[in-house]
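In the working numbering, the protein residues as written are 41 to 584.
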Amino acid sequence: MKIALAQINYHIGNFAENIRKMKEAIHHAKSLEVDLVVFAELSVSGYPPRDFLEFQDFIAECRKALENLAAECTNIACIAGLPVQNPSPKGKPLFNAAVFIADGEVQSEHHKSLLPNYDIFDEYRYFEPGKNPEIVEYKGAKIAITICEDLWNVGDNPLYIEEPMEQLMEQKPDLMINIAASPFDVLQAQKREEILRKNALKYKLPLIYVNHVGAQTELLFDGGSLAMNNMGDVVQKLKSFDEDFAVVDTAQIAQMNAIIAPLPEKMELIHDALVMGVKNYFGKLGFTKAVLGLSGGIDSAVTLVIAAEALGAENVQAILLPSQYSSDHSVKDAEDLAKNIGTPYQIIPIKDPYYSVEKSLEHLFKDQPFNVAEENIQARLRGLILMAYSNKFGHILLNTSNKSEAAVGYGTLYGDMNGGLSVLGDVYKTDVFALAKYINRNEEIVPWNTINKPPSAELRPDQKDSDSLPDYDILDEILYLYIEERMGPKEIIARAFDAALVKRVLKMVNINEYKRYQTPPILRISSKAFGMGRRMPIVGKYLS
């Protein structure tokens, strides 16, 4: 049997476009005499539809779109994903379903059994777990159809009591097909492949796996759909971060050569994921142009390069907003970068507006010493000007803060934390530097002076980040252990970190939770990003 893997960038709720792409894949598959086309989890609706699932009209539109798709499946079959009604009055109102379509109509439904309810996943909010899975018989083959998490309950520490594949194995399938919506993080592709290999080896069956690709606001999907033989060898692999299509003949899968290719290095993955994230965020919202504040520092420099790659340099407006504390070399570095990539830029000094605000507050501040209040006035003036430009010209403002700053609250609400999208909010400062060097791998794009100079917010004379924060090499290690690894202070201190420093850093993280509640969506590239995957109380006492 010839099976097509159709890896598509879906758009949540855009039924017409999703079905158009799926039909296009079916037509292409027919021209290649394919028997079965496989699409991803919730392909009809897009993933994750979240509370759209609470609208009966949304579910009805899904069903209508499915009927449209089914009409194309003559002389060919397909597997697609969508939410379907639970006919029982008990339990959640919907199932997360894979449908098998042939002869122009739905032949069977297969409900997802294992519903993830951790990190960014919230499927048990909407879906009832499937029971009693059954195989499909088609073209003389018995097919075990599973949905994403249904294959992740293998290994030494199973998360769920039930094992859908064990039930399906009782029906003696010849082939496993898994349709998925597995989001990207820098380690996920490797983990995903290991999980799939464990299934192929455990059940001694070939495996077809089709994943989403593209960005849905903060969630990034890297694709990487594949076919494995029953020895766990990858014999077909689709692109990462791009739509793709491939055909596998199950009669030949055992004889196909294993694909042995090293995984891309970390900075390449992060770079490609962020470029895709920016491109899709703008494209799916219907915007084409961005604006950002370009300071001459490393964060805004890297953000500008990524945005220019995603949208085209001519579509990104850089605005330099120097104050009386901005160094000449910072302004020059910013100008050099803009010229290197061909981005338009404007220089709007904030010195005079700052003095005007300072004068208006003079009777209130009186003889109080200069402190963070005056620093924040500068940041908020910059935010005001950038938002004014955004409003006037319809450009989305890109936030340039990194994960290290967001973690410890080293940013100004309604100032440098403004924006419609946070590009680097899940990238630690040390990785921002590494990302800049990756960008410069073939030629100097980010000025080397920007990369080599000590980081500074330049909000007071001779200011450096190290005046307020530990060195980023140390800070980022502590933050990673606390945020990604969820270690408590005793465990981190046991890693030979200074006890007082650890307690200080963790306290900063916790007391600044209120700021992170007010940040723009953050493109997720780690296993534990700020936002929907990390839910902490603002008024909690732990480590405060």
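Where a beta carbon is used, it is the ideal one built from N, C-alpha and C, also for glycine.
Just so we're clear, the structure is a prediction, and the values are computed from it rather than from any experiment.
query: For the structure I just gave you, are there three or more beta carbon pairs, one from the segment 302-312 and one from the segment 247-259, closer than 8 Å?; result: no
query: Quick one: complete beta strand (DSSP E) runs, 3+ long, within the segment 216-298?; result: 247-250, 253-256, 259-262, 266-268, 274-277 and 284-289
query: DSSP on F135, reduced to helix/strand/coil?; result: strand
query: So P123 is in the beta strand (DSSP E); what residue range does that whole segment cover?; result: A117 to Q125
query: Secondary structure at I417, three-state DSSP: helix, strand or coil?; result: helix
query: Quick check: the Cα distance between E283 and I48, rounded to an integer number of angstroms?; result: 5 Å
query: Quick check: the Cα distance between R556 and R564, rounded to an integer number of angstroms?; result: 14 Å
query: In the DSSP assignment, find the unbroken beta strand (DSSP E) run with Y178 in it and report its ends.; result: V176 to Y178
query: Along the chain, where does the beta strand (DSSP E) containing G333 start, and where does it finish?; result: A330 to G333
query: How many angstroms separate the CA atom of E101 from the CA atom of L82?; result: 13 Å
query: Going by CA-CA distance only, name the one from A419, A374, D376 and A240 that's closest to K391.; result: A419
query: Taking DSSP's pairing of strands, which residues face Y385 in a bridge?; result: A358
query: For the segment 498-572, list the alpha helix (DSSP H) runs that are entirely contained and at least 4 residues long, ordered along the chain.; result: 512-523, 529-533, 539-551 and 553-556
query: Note the first and the last residue of the continuous beta strand (DSSP E) segment covering A184.; result: A181 to I187
query: May I ask you to list the residues that DSSP assigns as paired with V78?; result: L45 and I119
query: Assign G131 to buried or exposed, taking buried as 16 or more other Cβ atoms, counted over all protein chains shown, within 10 Å of its Cβ.; result: exposed
query: Nearest to I338 by alpha carbon, out of S508, V472 and A267?; result: V472
query: For Y522, count the other beta carbons within 10 Å of its own beta carbon; 16 or more makes it buried, fewer makes it exposed. Which is it?; result: buried
query: Please report the distance separating the alpha-carbon of N550 from that of Y582.; result: 8 Å
query: DSSP on R422, reduced to helix/strand/coil?; result: helix
query: Buried or exposed for I506, please, with buried defined as at least 16 other CB atoms from any protein chain shown within 10 angstroms of its CB.; result: Looking at the sequence itself, residue 506 is Ser, so the reference to Ile does not match. Exposed.
query: Go through its chain and collect everything with a Cβ distance to A181's Cβ below 8 Å, but skip five positions before and after it.; result: M41, D214, L215 and T290
query: Looking only at C-alpha atoms, which of L106, M209, G451 and I346 sits nearest to I175?; result: M209
query: With a CB to CB cut of under 8 Å and the five nearest residues on each side skipped, what residues in its chain are close to G434?; result: F327 and K329
query: So, helix, strand or coil for F405, using DSSP?; result: helix
query: Should M271 and L247 be called a contact, given that it needs their Cβ atoms to be closer than 8 Å?; result: no
query: Could you tell me which residues DSSP pairs with A142 in its beta bridges?; result: E145
query: Where does the unbroken alpha helix (DSSP H) through L199 begin, and where does it stop?; result: Per DSSP, L199 belongs to no alpha helix (DSSP H) and is neither H nor E.
query: Beta-carbon separation of L155 and E163 under 8 Å?; result: yes
query: In three-state DSSP terms, what is F161?; result: coil
query: Can you name, in chain order, every residue of its own chain whose Cβ lies under 7 Å from the Cβ of N458, other than the five neighbours on each side?; result: G423, L426, M427, L437 and N439
query: Quick one: what's got a C-beta closer than 7 Å to L361's C-beta in the same chain, skipping five residues either side?; result: G333, I388, I390, R422 and I425
query: On the three-state DSSP scale, how would you describe I390?; result: coil
query: Please name the residue in V253, P204, I160 and P127 whose C-alpha comes closest to that of I185.; result: P204
query: Sort out for me which residues DSSP pairs I52 with in a bridge.; result: I52 pairs with nothing; no bridge assigned.
query: Secondary structure at L453, three-state DSSP: helix, strand or coil?; result: coil
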